[in-house]
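Trainee: Numbering of the sequence shown is given in the working numbering, commencing with residue 320 and proceeding in unit increments.
Glycine included, each C-beta is placed from N, C-alpha and C at the ideal position.
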Amino acid sequence: MEKIVIGSREVSEVAVPPPDQPNRLDPKLPDPVPIWARVAMSPLVVVLPVLCVFTIVFRFAMRALPPRTRFAWLSFLSTLLIISGMLTSVAAVLSVAFVPLPTFVSTSLGELDSRNIFPALPSGKGLTATDVSQQLKPLVAVISPARRTWFSHNEMPSNGFGAGVLLEATSEGYLLLTARHVIDESLLQRGGNRALIAMASGTWAGADVVGRHRNLDLCLLWLHRESGSAKFLQPVLWQAAVSEGENIFVIGHPQGLRFTLSTGIISRRDQDALQISAPVSPGNSGGPVYDEHGNLIAIVTSMVDRSMSPNAENLNFAVRADAVLEPDRWDFSGEGRKRLGDFVEESSKKAQH
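#1: If we require 3 or more residues per run, which beta strand (DSSP E) segments fall completely within the region 441-526?
#2: In its own chain, which residues sit with a C-beta less than 8 angstroms from the C-beta of Pro646, not counting the 5 before and 5 after it?
#3: Indicate whether Ser666 and Val555 have their beta-carbon atoms separated by less than 8 angstroms.
#4: Please determine, among Gln553, Arg531, Trp523, Asp536, the residue with the shortest C-alpha to C-alpha distance to Leu542.
#5: Pull up the distance between the alpha-carbon of Gly602 and that of Glu430, whole angstroms please.
#6: Using a 10 Å radius around the Cβ and a threshold of 16 neighbouring Cβ atoms, would you call Arg639 buried or exposed?
#7: Taking just the CA atoms, how far does Asn635 sit from Ala482?
#8: Comparing C-alpha positions only, which one of Ser604, Met381, Asn566 sits nearest to Pro573?
#9: Using CA atoms only, rank isn't needed, just tell me which of Gly575, Gln590, Asp589, Phe568 is closest to Gly583.
#10: Taking 8 angstroms as the threshold (C-beta atoms), are Val501 and Ile262 in contact?
#11: Is it buried or exposed, Leu428, if we count other Cβ atoms within 10 angstroms and call 16 or more buried?
#12: Per DSSP, Thr582 is paired with what?
#13: Near Ser452, which residues of its chain fall below 8 angstroms by C-beta distance, leaving aside the five closest residues on each side in sequence?
#14: Taking the alpha helix (DSSP H) that Phe662 falls in, what are its first and last residues?
#15: List the residues that DSSP assigns as beta-bridge partners of Gln594.
#16: If you count every other CB in all the chains shown that lies within 10 Å of the CB of Ser546, and 16 or more means buried, which is it?
#17: With DSSP as the reference, identify every bridge partner of Ala617, one or two as the case may be.
#18: Please classify Gly613 as buried or exposed, where buried requires at least 16 neighbouring CB atoms within 10 angstroms.
#19: Identify the continuous alpha helix (DSSP H) that holds Asp650 and give its terminal residues.
#20: Could you check where the alpha helix (DSSP H) with Trp355 kicks off and where it finishes?
#21: Name the residue from Gln671, Asn566, Leu367 whose alpha carbon lies nearest to the alpha carbon of Ala597.
#22: Per DSSP, what are the beta-bridge partners of Leu697 in this structure?
#23: Provide the residue(s) that pair with Ser425 in DSSP beta bridges, ordered along the chain.
#24: Which partner residues of Leu552 appear in the DSSP bridge assignment?
#25: Run the CB neighbour count on His269, radius 10 Å, all protein chains shown included, and call it buried at 16 or more, exposed below.
#26: Please list, in chain order, all residues of the same chain as Glu474 whose beta carbon is under 7 angstroms from its beta carbon, the five residues on each side excluded.
#27: Identify whether Arg389 lies in helix, strand or coil by the three-state DSSP scheme.
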């Protein structure tokens, strides 16, 4: 037998490829999703619910089909669902942005307009807590800064709110007093010139911010009147006539509990403020402090934070209400100067009788 020896040189030699031959092509398979089906189903992207139902039904119907066909159909339907979801989202945003929302803020308060009579104040006899609840609670309002969202021009109440009190009802409208920080973020940063007011019925009405006290936490609101003619003038007691130890009534909305009545005494009298023992909480800000005869003596402004001073109790403060009788210390906008001037004039006339 002849022995054949192959050296490393022969192994390293590159083999010469065979002569050129035509490449062998695999047969081209038809598209599992025909063109007519793609064209017929594409309009379903504008009806997302129908497309979802079709996809679910078709998913179970395709179980008997080959894997390649199932994958192609599922990919096509998934693409349609993504496009349909995007179109639906865009349509929802555009509808909110350009279709006006129903207005739920009125231009006046029918609850006040429909009143035929207001309580006669000050009362000749001392008021009990029951009397205050029946006669003075209807004079207290819920106050919220007005805001507008980026997609709507309608006024809406903000998340925060406080209380306010009716100073005067005339044939033209209503003048209300509240704490300035209820409307503004702080005494150093002025807020908007609109506020929303609601009485016990809960119906909101838009009001103008017509005055801010330069130094005290006080703010004036003016609400136009559409009907009715009953008039009211809230008596305001000068702070010099207020005594320490005097019984008081406070009405507000502590922690969202609207129109809550609390009682206490005047613990201390300062130049511009009163320290009161009546319990107050967030939501009481801007609420009235009445004496036993229904005179307005102060507006609730602040309380001591128990988290900062855990041992502090009944350290609540109210700013003197007689500041509304000093128009030269206010900054006005709109009709503010006229409205407060009329109130001061009517108060002076009533005090002389």
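Mentor: So, from the listed chains and residues:
#1: 459-466, 481-488, 492-497, 513-517
#2: Arg656, Leu659, Gly660, Val663
#3: yes
#4: Trp523
#5: 22 angstroms
#6: buried
#7: 16 angstroms
#8: Ser604
#9: Phe568
#10: Absent from the structure is residue 262, since the part of the chain shown begins at 320 and ends at 672.
#11: buried
#12: Note: Thr582 sits in a beta bridge opposite Phe568.
#13: Leu580
#14: 655-671
#15: Arg587, Phe636
#16: Of the residues assessed, Ser546 falls on the exposed side of the cut-off, its CB having fewer than 16 other CB atoms within 10 angstroms.
#17: Val608, Arg639
#18: Residue environment for Gly613: buried (at least 16 other C-beta atoms within 10 angstroms of its C-beta).
#19: No alpha helix (DSSP H) holds Asp650; the beta strand (DSSP E) holding it covers 649-651.
#20: 354-360
#21: Asn566
#22: The question about residue 697 has no answer, for the chain in this structure spans 320 to 672.
#23: Ala524
#24: Glu487
#25: The question about residue 269 has no answer here: the residues shown for the chain are numbered 320 through 672.
#26: Val424, Ala465, Arg467, Arg513, Leu515, Gly525
#27: helix
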